[in-house]
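J.:
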């Protein structure tokens, strides 16, 4: 059973406390690391260690101390006032060392599972204890010494001198068990009480004998003296007994307060799970769910700080979403941080927890070299020494990570904290997945409504443009005939020229409306999207201002699509023009291309699209960005945010119409002040 949990962490923790007090020069981290014991396991009174870990701990401890054995002294320290904890408080709660030692068999399982403890009272001040290890447990001699020290300390806790311990049978000398006989001298109040109980019969017998042989008489005086002696002995015994009982009650009070505190923790944990469950049942968005969850954690669990990071739609990076206990400087650093999930060599704490779907205890003070530079830098800004990082997982899919620490109170994070968060994370994951599903359905409904609206507007615009174009054709024809009949120098010629110019502009407008309504004639053929973009570089550089840095970064290879090259030119030109106008003070305009597979998850999360291979043309600016209301209307014809005379609001509408005519999709990603990205998806040729 070397790999089975047999010994409570309090046993090792007492040795560590003794070591820090008696040998502060010993490297405790090296000792714990050799025994494969982590600090959070050590500080958790609900954690258990294996025989192998205990053996490694003792062997390394003996090596570091040059052969000195602290086993017996460690047992004494476990029950000392300096090491008050679960064992000491439990022991103090029992009145008298005999009762405590007799109860060893019942309470030993709280601290060790390696052996069976049995005890019996031999006399008022003598108890026999038998320890029989389980057949598949291989204890070591130092554990026998540790038990002897512990029995000594139990008796000493009640203000007795070090007891005498006989060890007539030992498993390490051929015995079938370890047998201990613990005896101690009686207390002063016990002796006084014994004297009080014996003095009446002794004095009476003595008086009868003396009176019979020597006729001493003075019976009344003897009885009065005896009464005073009884009163004095009773008073002294009562005082001494009350003093000892008072000491015991103080200890019981401390133990009770600890139990009440633990009950409070358990209550908060239960309320925490209940409140998160209530958040799950609500028809809420992601931000509302996160707000409810983070509020419940802050209110119920008592951590100094907490943060939640979620993955983006493509599972390419982790970003901060919400938290508490974070100042402005730390919040700014978190909002700027992004953790790459696509790098297989990434070793940061957040990425590792997310990727391996596990709960981790991270201690930067010990293993800083094992983490990424970004994680270390962020930990310095957050002033984090150690924290628990837990993956938020739902049905095998990682959604994000939850991290907590106690930077201010310095309360140790324990195995119980890890277990609690590990159990809480799936509930958070379920709540988030529910919110994501609701938002996806809402987004899909909005997409359907937007598509139907654009279809209706396109149908109307196409019909109007077609009829208007027919009228313009007649107007231009009649004006042309009128111009032929005019003599040279006729003043009406200039007016007719203005009519022709206006008609040409109107005809151009109708062509744009036809492009939006997808009734524009096109000539599709196999073309390379990268070739089209490269051919536009020189023209685009003239289109933007000197304050704008233009980056054209097509992917390697070819991106074959079936398209009208002229109309794709128009798409790129309109998007670049729109990006330029969004950066009046300058900025960066980036044009990229790539190949991408639209998966079922992508289509489901976006609410539109068809599964397959696509070429993606992206135009990104660092301009003013758009809010949600603007994004919902920006593709409609004649909608513009520009000043009067600087745009008629057809540029993006034409882009939408051309993309739809090519059986593609247009995606807009934008936030106020954070720039805008237009992604054009065109089907790749198989």
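Numbering (the working numbering), first residue to last: 1 to 686.
Quick reminder that beta carbons are idealized off the backbone N, C-alpha and C, glycines included.
In chain order, which continuous runs of the beta strand (DSSP E) of length 3 or greater are located wholly inside the stretch 568-643?
T.: The stretch 568-643 contains these whole beta strand (DSSP E) runs: 587-598, 612-621.
J.: Grab the span of the beta strand (DSSP E) containing residue 311 for me, first residue to last.
T.: First-last of the beta strand (DSSP E) with residue 311: 305-311.
J.: Would residue 379 be called buried (16 or more neighbouring beta carbons within 10 Å of its own) or exposed?
T.: Buried, by the Cβ-count rule.
J.: Ignoring anything shorter than 4 residues or poking outside the stretch 91-160, list the alpha helix (DSSP H) runs there in chain order.
T.: Entirely contained in the stretch 91-160, the alpha helix (DSSP H) runs reaching 4 residues are, in chain order, 97-102, 104-107, 141-156.
J.: Figure out for me which residue from 354, 405, 351, 183 has the closest Cα to the Cα of residue 325.
T.: Answer by Cα proximity: 405.
J.: Taking Cβ positions, are residue 634 and residue 579 nearer each other than 8 Å?
T.: Cβ atoms of residue 634 and residue 579: not closer than 8 Å.
J.: Can you name the residues that DSSP bridges to residue 359?
T.: Answer is 390.
J.: For residue 99 and residue 156, I'd like the C-alpha separation in whole angstroms.
T.: Each residue's alpha carbon lies about 14 Å from the other.
J.: Residues in its own chain within less than 7 Å of residue 146 by CB, not counting five upstream and five downstream?
T.: So the list reads 71, 72, 74, 75, once near-sequence residues are dropped.
J.: Compute the beta-carbon to beta-carbon distance between residue 528 and residue 496, rounded to the nearest angstrom, for a pair I have assumed lies under 8 Å.
T.: Their Cβ separation, rounded to whole angstroms, is 46 Å, which puts residue 528 and residue 496 out of contact at 8 Å.
J.: Do you know how far the Cα of residue 535 is from the Cα of residue 604?
T.: Cα to Cα, residue 604 sits roughly 35 Å from residue 535.
J.: Looking only at DSSP bridge pairs, what is residue 677 linked to?
T.: Answer is 620, 669.
J.: Please report how far the alpha carbon of residue 654 lies from the alpha carbon of residue 661, in whole angstroms.
T.: Rounded to whole angstroms, residue 654 to residue 661 spans 10 Å at the Cα level.
J.: With which residues is residue 317 paired in a DSSP beta bridge?
T.: The partner list for residue 317 (beta bridge, DSSP) reads 340.
J.: Under the three-state reduction of DSSP, which class applies to residue 322: helix, strand or coil?
T.: Strand.
J.: What are the start and end residues of the alpha helix (DSSP H) that includes residue 8?
T.: Counting along the chain, residue 8 falls outside any alpha helix (DSSP H), though it belongs to the beta strand (DSSP E) covering 5-8.
J.: Candidates 608, 569, 158: which alpha carbon is nearest residue 537's?
T.: For the residues 608, 569, 158, the minimum Cα distance to residue 537 belongs to 569.
J.: Should the stretch 36-44 be regarded as contacting the stretch 106-114, the criterion being three or more beta carbon pairs within less than 8 Å?
T.: They do not touch, by the three-pair rule.
J.: CA-CA distance, residue 122 and residue 68?
T.: Taking the straight line from one Cα to the other gives about 35 Å.
J.: Spell out a yes or no on whether the stretch 406-413 and the stretch 304-314 are touching, meaning 3 or more CB-CB pairs, one atom from each, closer than 8 Å.
T.: Judged by Cβ distances under 8 Å, the stretch 406-413 makes contact with the stretch 304-314, as three or more pairs qualify.
J.: Between the stretch 318-335 and the stretch 429-438, are three or more C-beta pairs nearer than 8 Å?
T.: Because the criterion of three Cβ pairs below 8 Å is not met, the stretch 318-335 and the stretch 429-438 do not touch.
J.: Could you pull out every residue in the same chain whose Cβ sits closer than 6 Å to the Cβ of residue 13, ignoring the five residues on either side in sequence?
T.: Taken in chain order, the residues that qualify are 42.
J.: If I measure Cβ to Cβ from residue 667 and keep anything under 6 Å in the same chain, skipping five residues before and after, which residues do I get?
T.: If we look at residue 667 and ignore the five residues flanking it on each side, its Cβ neighbours are 679.
J.: Under the DSSP definition of a beta bridge, which residues are partnered with residue 50?
T.: Bridge partners of residue 50: 5.
J.: Hey, would you say residue 598 sits closer than 8 Å to residue 612, going by beta carbons?
T.: Their beta carbons are under 8 Å apart, which means residue 598 touches residue 612 by this criterion.
J.: Since I believe residue 623 is in contact with residue 676 (beta carbons under 8 Å), could you give me their beta-carbon distance rounded to a whole number of angstroms?
T.: About 6 Å separates the two Cβ atoms, so the contact holds.
J.: Answer with buried or exposed for residue 434, where buried requires no fewer than 16 other C-beta atoms within 10 angstroms of its C-beta.
T.: It counts as buried.
J.: Have a look at residue 86 and residue 348 and give me their C-alpha separation to the nearest angstrom.
T.: Here residue 86 scores only 43 on pLDDT, less than 50, and its place in the model should not be relied on; the value that follows carries that caveat. Whole-angstrom Cα-Cα distance: 37 Å.
J.: Measuring straight from C-alpha to C-alpha, what distance separates residue 184 and residue 148?
T.: For residue 184 and residue 148, the distance between alpha carbons rounds to 14 Å.
J.: Where does the unbroken beta strand (DSSP E) through residue 26 begin, and where does it stop?
T.: It is not in any beta strand (DSSP E) - residue 26 carries neither H nor E in the DSSP assignment.
J.: Could you please give the first and the last residue of the uninterrupted alpha helix (DSSP H) stretch that includes residue 651?
T.: Note, residue 651: alpha helix (DSSP H), 651-661.
J.: Give a yes or no on whether the C-beta atoms belonging to residue 353 and residue 317 are separated by under 8 Å.
T.: No, Cβ-Cβ distance for residue 353 and residue 317 is not below 8 Å.
J.: So the beta strand (DSSP E) residue 551 belongs to, where does it begin and stop?
T.: It spans 548-553 - the beta strand (DSSP E) in which residue 551 sits, taken as one unbroken run.
J.: From which residue to which residue does the beta strand (DSSP E) around residue 169 run?
T.: Residues 164-169.
J.: If you compare alpha carbons, which of 285, 487, 381 is closest to residue 329?
T.: The residue with the shortest Cα to Cα distance from residue 329 is 381.
J.: Could you check the C-alpha separation between residue 518 and residue 657 for me, to the nearest Å?
T.: Residue placement at residue 518 is flagged as unreliable, the pLDDT there being 48, under the threshold of 50; a coordinate-derived value is accordingly withheld.
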